[in-house]
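As structure tokens, the structure follows; a few thoughts come after it.
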Amino acid sequence: MKTQMNTRLPQLCSSVFVGVLFLLLPLHAFAWVQAYTREAPGRPLHVVGSDCTQYTLQESCSQDVGFAQCQAAVDAGVQVWNSTGCSYFHFVPTATANCCRAGFQRQGKNANCISWLENAWPDSYPRTAIALTTITYNVADGAILDADIEVNGADFSFGTTCADGLYDIQNTLAHEAGHMLGLDHSPVAGATMKPNTGPGDCTLRDLTADDIDGVCTIYPLSGNPGVCKEPLGGVNLDCSPPPDDCGCRAPGHSPSGSAASLAVLALLLLRLRRRRSPS
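As structure tokens, then:
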């Protein structure tokens with residue numbers, strides 16, 4: 330499964346990290362990999378001060394399957410990370426949203442959104458990507474502020490039964506959720522965080538020892554903060570904008586005035602993206 334994924338404090342800049350992976354190259358067994366900020370000296374990405382990430386599913390889900398079936402597959406994929414037995418970290422679903430999209434608001438409500446793009450896959454996104462996870466982080470310490478998953482329903486068909494010709498929703502979301510919590514692609518063959526997949530593949534549904542070692546090292550039971558925090562500003566279930574003229578949206582959703590107004594707020598948001606492509 331191939332995937333791509335990206336924030337900071339003082340000025341304003343937007344940066345996209347694109348990792349190109351060759352499909353035919355073999356994977357070698359090393360170990361799980363944590364994602365890092367793009368800026369030197371490089372800080373490991375991780376959720377700070379919360380034992381969970383609350384995620385929000387857009388209520389349309391995938392047009393290829395019924396909503397209940399789609400939601401169950403999304404939840405099963407994301408929440409596979411909840412049952413390691415050695416990590417305090419867990420994912421918690423919010424109410425579904427009638428509108429949610431990738432992006433981060435410095436002021437106002439936010440959502441760690443999971444949505445399908447059915448009509449068109451943006452030209453700025455990798456053409457062969459099955460899904461794209463965008464993480465907004467604080468450059469100073471690598472703290473994850475927001476994480477959004479966009480699934481390419483415009484170019485790929487999805488299902489829930491591992492059927493030939495269809496990309497499995499649970500399989501896809503298990504991998505993307507790993508990026509949401511700060512994991513990068515693993516070079517270990519068979520790992521949920523390996524970088525490639527194909528139609529009918531369901532091998533990423535279940536975590537391997539490599540995946541479990543990663544999440545349990547980053548979020549060990551002994552470090553449990555004991556609180557599950559909402560997204561910054563509260564949960565946004567309807568794409569509510571920030572306060573008028575606050576100049577506080579992340580790149581990609583900036584109001585008029587663009588970089589200059591954001592620089593005044595001493596907010597630098599960089600976006601790291603991980604893409605996933607078919608094998």
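The numbering used here numbers the first residue of the sequence shown as 330 and each following residue consecutively. Positions of the beta carbon are idealized from the N, C-alpha and C atoms, including for glycine. The model shown is predicted, which means the values in this text are computed figures rather than measured ones.
- In terms of Cβ geometry, G552 and A364 do not form a close pair [threshold 9 Å].
- In the three-state scheme derived from DSSP, where H, G and I count as helix and E and B as strand, G371 is classed as coil.
- Put simply, the region 440-452 does not touch the region 540-548. Fewer than three CB pairs are less than 8 Å apart.
- Apart from the 5 residues on each side of it in sequence, A503 sits with its Cβ closer than 6 Å to the Cβ of G406, V409, T521, L533, R534 in its chain, given in chain order.
- Counting along the chain, F485 sits inside no beta strand (DSSP E), nor does DSSP assign it H or E at all.
- Taking C-alpha positions only, Q436 is separated from A492 by approximately 43 Å.
- In this structure, D477 places its C-beta atom within 9 Å of the C-beta atom of T462.
- Going by DSSP, C557 is part of no beta strand (DSSP E) at all; its letter is neither H nor E.
- Between I498 and C399, the C-beta gap is smaller than 9 Å, which places the two residues in contact.
- In the three-state scheme derived from DSSP, where H, G and I count as helix and E and B as strand, N441 is classed as strand.
- If you ignore the 5 residues before and after A449, its C-beta comes within less than 6 Å of the C-beta of A483, all in its own chain and listed in chain order.
- At the C-beta level, D475 and N427 stay beyond 9 Å of one another.
- Counting only residues of its own chain and dropping the five nearest sequence neighbours on each side, E559 has a CB closer than 7 Å to the CB of Q383.
- Contact between L386 and V403 holds: their C-beta atoms lie close to 6 Å from each other, under 8 Å.
- Within 10 angstroms of the beta-carbon of P370 lie fewer than 16 other beta-carbons, which makes it exposed.
- About 6 Å separates the CB atoms of L374 and Y466; that is less than 8 Å, so the two are in contact.
- Of the other Cβ atoms in all chains shown, 16 or more fall within 10 Å of the Cβ of G488; this residue is therefore buried.
- One alpha carbon belongs to S416, the other to M509, and they sit about 15 Å apart.
- A residue is called buried once 16 or more other Cβ atoms fall within 10 Å of its Cβ, and D513 is buried on that count.
- Annotation for V480: the continuous beta strand (DSSP E) segment containing it runs 473-481.
- In this structure, the beta-carbon distance from A460 to R372 does not fall below 9 Å.
- Taking Q392 as reference, the option from N439, N411, V480, I473 with the minimal CA-CA separation is V480.
- The C-alpha of R430 is placed about 12 Å away from the C-alpha of V564.
- Taken through DSSP and simplified to helix, strand or coil, L502 comes out as helix.
- In this structure, P528 lies away from L550, with their beta-carbon atoms at least 9 Å apart.
- Considering only S569, F420, A472, T546, the residue with the shortest C-alpha distance to E505 is F420.
- Burial is judged here by how many other beta carbons sit within 10 angstroms of a residue's own beta carbon; P455 has at least 16 and is buried.
- Secondary structure within the region 370-455: the alpha helix (DSSP H) runs of 4 or more consecutive residues, fully enclosed, are 396-408 (chain order).
- The continuous alpha helix (DSSP H) containing A538 extends over residues 538-547.
- Taking the CA atoms as reference points, F418 sits about 15 Å from L536.
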